[in-house]
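For reference, the structure is listed below as structure tokens.
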Amino acid sequence: MQQWLKISLLLCTFGFLKEIRPSEPFIVDYLAGPWRNLTMEQIIQEAFPIGTYSYLAQLAVIFLVTDLLRYKPIIVVNGAAGIIVWSMLTWTTSLNALKVLEIFYGTYCAAEVAYFSYIYAKVDREHYQKVTSHTRAAIYSGRFFAASLAQLLVYFEAMDYRQLNYLSLAAQISATLWALFLPSVPTSMYFHRQTLTDELPESSTTQYNADADRHEKMVEVMEDERSDDSKPPIPSTTVSPERRRQQPPFRSRLKDAFVLLWTHFRTSFTNRSVLQWSVWYGLAMAGYIQILAYVQALWSSIDETQPAIWNGAVEAAVTLLGAIVSLLAGYLHSGFLKPRTSLLSLALLSFAAGGAMLLATNTGNLVVSYLGYMIFCVLYAFAITVVSAEIAKNISDDCFGLVFGFNTLVALSLQTLLTFSVTDSDGWFALDVFGQFTVFSCYFLVLGGIYTAFLATEIIASVIRRYR
Numbered sequence: 320m321q322q323w324l325k326i327s328l329l330l331c332t333f334g335f336l337k338e339i340r341p342s343e344p345f346i347v348d349y350l351a352g353p354w355r356n357l358t359m360e361q362i363i364q365e366a367f368p369i370g371t372y373s374y375l376a377q378l379a380v381i382f383l384v385t386d387l388l389r390y391k392p393i394i395v396v397n398g399a400a401g402i403i404v405w406s407m408l409t410w411t412t413s414l415n416a417l418k419v420l421e422i423f424y425g426t427y428c429a430a431e432v433a434y435f436s437y438i439y440a441k442v443d444r445e446h447y448q449k450v451t452s453h454t455r456a457a458i459y460s461g462r463f464f465a466a467s468l469a470q471l472l473v474y475f476e477a478m479d480y481r482q483l484n485y486l487s488l489a490a491q492i493s494a495t496l497w498a499l500f501l502p503s504v505p506t507s508m509y510f511h512r513q514t515l516t517d518e519l520p521e522s523s524t525t526q527y528n529a530d531a532d533r534h535e536k537m538v539e540v541m542e543d544e545r546s547d548d549s550k551p552p553i554p555s556t557t558v559s560p561e562r563r564r565q566q567p568p569f570r571s572r573l574k575d576a577f578v579l580l581w582t583h584f585r586t587s588f589t590n591r592s593v594l595q596w597s598v599w600y601g602l603a604m605a606g607y608i609q610i611l612a613y614v615q616a617l618w619s620s621i622d623e624t625q626p627a628i629w630n631g632a633v634e635a636a637v638t639l640l641g642a643i644v645s646l647l648a649g650y651l652h653s654g655f656l657k658p659r660t661s662l663l664s665l666a667l668l669s670f671a672a673g674g675a676m677l678l679a680t681n682t683g684n685l686v687v688s689y690l691g692y693m694i695f696c697v698l699y700a701f702a703i704t705v706v707s708a709e710i711a712k713n714i715s716d717d718c719f720g721l722v723f724g725f726n727t728l729v730a731l732s733l734q735t736l737l738t739f740s741v742t743d744s745d746g747w748f749a750l751d752v753f754g755q756f757t758v759f760s761c762y763f764l765v766l767g768g769i770y771t772a773f774l775a776t777e778i779i780a781s782v783i784r785r786y787r
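Just so we're on the same page, the working numbering is the position in the sequence shown counted from 1, plus 319.
So, in structure tokens, the structure goes:
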């Protein structure tokens, strides 16, 4: 087996194990059940918002620390945080314990960035597309397996909601132990870049000047890549035996890292296409995460007399359909996505997603709500795949982590604003669950309106240019 494939298999096994969380589709019913006996207001207005705030507070720091510590330690932290979360879910009962748990859940979510970054530091860029599909497939497979297993166990009354936590905890322990055996990464994107020279420098000043020249050349290369999408990817560097690895002083590496971060950021986000797609990515992701976090509360409120016993089946179906439409979106011909067409498609998808969630919210039938939610998730899976591909097409390979990490940070910032505005008991409005989901649905309708306005502006500008 080739080395890159072996590493991909090792990492994907961790990803699969980590996603085996059969308790998640029924978490709200568990918290509101006899095991913890919390009210819906305590769950969604006091406890869950802490997880959102914790996630945002830790993401930027963990992104930098992940690169500084070279990925593997943060992957282990990811698994360890999962162990803490599901241990506390299983063996604590108070509201205060749930709030503390949400802080660690923020760590668990934020540390996931290491899972997606690790593989790019361990394999050559010629394998990036394949290993990306592998890591995504592992995530989808784990979620589908967990949701299907949960639904079967609950339907046949083999386990109650609390006992599902034991399976989730066992999977987190297994994932953490597996992570310990992942091979270490000698280099990273920013803080531990490998510098190759024919001979060692005479001083740190010489090294700094060389690094400065390298950064200038990098800007030129990346600018060329931006303006010419037809250029083939840069092949991975082959290191001759005569050349030696050199590790510059830490302060120099630290300065170089932030210079390179700014270079990547400036080069990427001054590209109009990247900015256009990134705006939708951040705005849509914020609404999507918010809906996923609270949709079980909506279902419990729609039908309070009957347990929401089909949550697992719905999540399994959403995962499977999401994987299918993501593959279909990957085959979408890039020539179809011209500036006007892309703006129109994003507007229509946003309107449709908002309409689907309005259907899921304003119904007294739980099955109809399930259906509306599934339509919403499928539309989002299709759109986010296309958007991600378009962003990736317009940036350098080295910028992937930074661009998508920044877009996620923007999404979490907006989600935090949404949470504080309409969900948090100490926030501005503190709406009930139906009011919240009405806002979330209208949020996507407004997003569709924004891109309709962008489309109109593009058409008007085109007409003006034509008749000048």
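We put the beta carbon where it would ideally sit given N, CA and C, even for glycine.
If I'm right that A612 touches F367 with Cβ under 8 Å, what's the distance once you round it to whole angstroms?
Contact flag correct, Cβ pair sits at about 6 Å.
Suppose the cutoff is 8 Å on Cβ atoms and the five residues either side in sequence are ignored; what does the same chain contact list for T704 look like?
Only V644, S645, A648, G649 meet the Cβ criterion.
Go through its chain and collect everything with a Cβ distance to I381's Cβ below 7 Å, but skip five positions before and after it.
Excluding its 5 nearest sequence neighbours in each direction, I381 has C-beta neighbours in its own chain below 7 Å: I393, A429, A430, V432, listed in chain order.
At a cut of 8 Å, does the region 664 to 682 reach the region 758 to 770 through at least three beta carbon pairs?
Yes, they touch.
Over the uninterrupted alpha helix (DSSP H) stretch that includes P392, give me the two end residues.
Taken as a continuous stretch (DSSP letters only), the alpha helix (DSSP H) holding P392 covers 391 to 410.
Check each candidate in Y349, R355, L471, A376 and name the one with the smallest Cα separation from V729.
Looking at Y349, R355, L471, A376, the one whose alpha-carbon comes closest to that of V729 is A376.
If F748 and G606 are in contact, beta carbons under 8 Å, what's the gap, nearest whole angstrom?
In this structure F748 does not touch G606 by the C-beta definition: roughly 17 Å separates them, more than the 8 Å allowed.
Give the secondary structure of D348 by DSSP, where H, G and I count as helix, E and B as strand, and everything else as coil.
Correct three-state label for D348: helix.
M604 burial status per 10 Å Cβ neighbour count (16 or more: buried):
M604 should be labelled buried.
Less than 9 Å between the C-beta atoms of T411 and L420, yes or no?
In this structure, T411 lies near L420, with their beta-carbon atoms less than 9 Å apart.
Where does R462 land, buried or exposed, given buried means 16+ other C-beta within 10 angstroms?
Counting of Cβ neighbours within 10 angstroms places R462 among the buried residues, the total reaching 16 or more.
Taking 8 Å as the threshold, find out whether the region 487 to 498 comes into contact with the region 395 to 412 through three or more Cβ pairs.
Result yes; three or more Cβ-Cβ pairs closer than 8 Å.
What's the C-alpha gap between P505 and Q322?
Straight through space, the alpha carbons of Q322 and P505 are spaced by roughly 15 Å.
Contacts around E521, its chain only, beta-carbon distance under 7 Å, and the 5 residues preceding and following it disregarded
At E521, the pLDDT of 42 sits below 50, so the modelled position is not reliable; the number obtained from the coordinates is stated separately. Same-chain partners within the cutoff: there are none.
Tell me which residues share the same chain as D743 and place their Cβ nearer than 7 Å to its Cβ, disregarding the 5 neighbours each side in the sequence.
Taking D743 as the centre and dropping the five residues before and after it, the same chain places the C-beta of Q364, P368, A749 closer than 7 Å to its C-beta, in chain order.
Is it the case that the region 708 to 716 contacts the region 327 to 347, given that we only count it when at least three CB pairs across the two stretches are under 8 Å?
No: fewer than three Cβ pairs fall under 8 Å.
Opening and closing residue of the alpha helix (DSSP H) in which E368 lies:
According to the sequence displayed, residue 368 carries Pro and not Glu. Note, P368: alpha helix (DSSP H), 367 to 387.
Whole-angstrom Cβ separation of L662 and E777, contact assumed at under 8 Å?
Correct: roughly 6 Å between the Cβ atoms.
Pick from A780, A772, D751 that is closest to T358, judged by C-alpha positions:
Among A780, A772, D751, the Cα nearest to that of T358 belongs to D751.
Span of the alpha helix (DSSP H) around I798
For the chain, the structure presents residues 320 to 787; residue 798 sits outside this window and is missing.
How is S493 classed by DSSP in three states: helix, strand or coil?
Judged by DSSP in its simplified three-state form, S493 adopts helix.
Buried or exposed: where does S781 fall if 16 or more other Cβ atoms within 10 Å of its Cβ makes it buried?
Exposure of S781 is indicated by the presence of fewer than 16 other C-beta atoms within 10 angstroms of its C-beta.
The alpha helix (DSSP H) with M604 in it runs from where to where?
Counting along the chain, the unbroken alpha helix (DSSP H) around M604 starts and ends at 591 to 621.
Helix, strand or coil at D479 according to DSSP, with G and I counted as helix
In the three-state scheme derived from DSSP, where H, G and I count as helix and E and B as strand, D479 is classed as coil.
Which word fits T624, buried or exposed, when buried means at least 16 other C-beta atoms lie within 10 angstroms of its C-beta?
Taking a 10 Å sphere around the C-beta of T624, we find fewer than 16 other C-beta atoms and assign the residue as exposed.
Count the other C-beta atoms from every protein chain shown that fall within 10 angstroms of the C-beta of P344, then say buried if there are 16 or more, exposed otherwise.
Buried, since its Cβ has 16 or more Cβ neighbours within 10 Å.
When you compare each of L667, F723, L736 to V765 by their alpha carbons, which one comes out closest?
Nearest C-alpha to V765 among L667, F723, L736: L667.
How should W581 be labelled, buried or exposed, when 16 other C-beta atoms within 10 angstroms of its C-beta is the threshold for buried?
By the 10 Å Cβ count, W581 comes out exposed.
Could you pull out every residue in the same chain whose Cβ sits closer than 7 Å to the Cβ of H446, ignoring the five residues on either side in sequence?
In the same chain as H446, and ignoring 5 residues on each side of it, the C-beta atoms closer than 7 Å to its own belong to W323, in chain order.
Look at L387 and F510 and say whether their C-beta atoms are less than 9 Å apart.
Yes, they are a contact pair.
Helix, strand or coil, according to DSSP, for W747 in the structure here?
It is coil, neither helix nor strand.
Taking the alpha helix (DSSP H) that W323 falls in, what are its first and last residues?
Segment 322 to 337, the alpha helix (DSSP H) holding W323.
Relative to the C-alpha of F500, which candidate in T332, L677, N630, V741 has its C-alpha closest?
Ranking T332, L677, N630, V741 by Cα distance to F500 puts T332 first.
Hey, quick one: how far does the alpha helix (DSSP H) through S781 stretch, first residue to last?
Its alpha helix (DSSP H) spans residues 752 to 785.
DSSP three-state assignment for L573, whether helix, strand or coil
Three-state result, L573: helix.
So, are the CB atoms of S619 and V347 less than 9 Å apart?
Contact: yes.
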